[in-house]
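Notes for the one structure printed next.
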Amino acid sequence: MNDYVYLAYDYPLLGAFWTVLWIVLWVSWFILLFRVIADIFRDDTLSGWAKTGWLLLTILLPFLGVFVYVLARGRSMGSRERRHLQAQQEALDHYIRETAGGTGRRSEADELMKLSEVRARGDISDEEFRRAKEKILH
């Protein structure tokens, strides 16, 4: 039972802080590594051989490879990421518009509104309105 009490004194608060700091640094480095690898594949200006060279450098010498890549090509990483996200957003917006039937639904609603205005003026009967409405909806 006394062993558990001494365990708290063997691992002080500063030791816990350093452990958490090292874990955060390692996780951050892995995130940076995977972002660099994704950027290598995403970059259309690099040739296949250049992509292969950068990829081999980041895999075989990860710390040096990531450091050199960020120094050499880090400024343009943000613009490539931004263009990629904009392309994804445009594709999503296009998909949503296409799936929701963007212009088709609006035109049906417009036709129904015009039809109800014509009926309100008395130009068509209720039976004609019902038949025209069925044609629009089907």
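Each step along the sequence shown adds one to the number in full-length UniProt numbering, with nothing skipped, and position 46 is 46. We put the beta carbon where it would ideally sit given N, CA and C, even for glycine.
Length of the line joining the Cα atoms of R80 and I37
Looking up residue 80 in the sequence shown gives position 80. Looking up residue 37 in the sequence shown gives position 37. Their Cα atoms are separated by approximately 13 Å.
So, are the CB atoms of L57 and G48 less than 9 Å apart?
Here residue 57 is taken as the residue at index 57 of the sequence shown, counted from 1. Here residue 48 is taken as the residue at index 48 of the sequence shown, counted from 1. No. Outside cutoff.
Is D44 helix, strand or coil when you go by DSSP?
Taking the sequence shown and counting its residues from 1, one reaches residue 44 at position 44. Coil, per DSSP.
CA-CA distance, T52 and R35?
For the purposes of this step, residue 52 is identified with residue 52 of the sequence shown, where counting begins at 1. For the purposes of this step, residue 35 is identified with residue 35 of the sequence shown, where counting begins at 1. Whole-angstrom Cα-Cα distance: 16 Å.
Does the Cβ of D39 have 16 or more other Cβ atoms within 10 Å, making it buried, or fewer, making it exposed?
Taking the first residue of the sequence shown as position 1, residue 39 is located at position 39. That one is buried.
Closest residue to L115 among E98, K133, A100 (Cα-Cα distance):
Position 115 of the sequence shown, counted from the first residue, corresponds to residue 115. Ranking the options by Cα distance to L115, first place goes to K133.
Using only the alpha-carbon positions, how far apart do V20 and L14 sit?
Residue 20 sits at position 20 when you count from the first residue of the sequence shown. Residue 14 sits at position 14 when you count from the first residue of the sequence shown. Their backbone Cα atoms lie some 10 Å apart in a straight line.
Length-filtered (4 minimum) alpha helix (DSSP H) runs lying within the UniProt domain "SHOCT" (110-137):
126-137
Distance between beta carbons of E117 and I136, contact taken as under 8 Å:
Against the sequence shown, residue 136 aligns to sequence position 136. Against the sequence shown, residue 117 aligns to sequence position 117. The Cβ separation is near 14 Å, so there is no contact.
Is the CB-CB distance between S76 and D44 below 9 Å?
In the sequence shown, the residue the question calls residue 76 occupies position 76. In the sequence shown, the residue the question calls residue 44 occupies position 44. Against a cut-off of 9 Å, the Cβ pair of D44 and S76 comes out as no contact.
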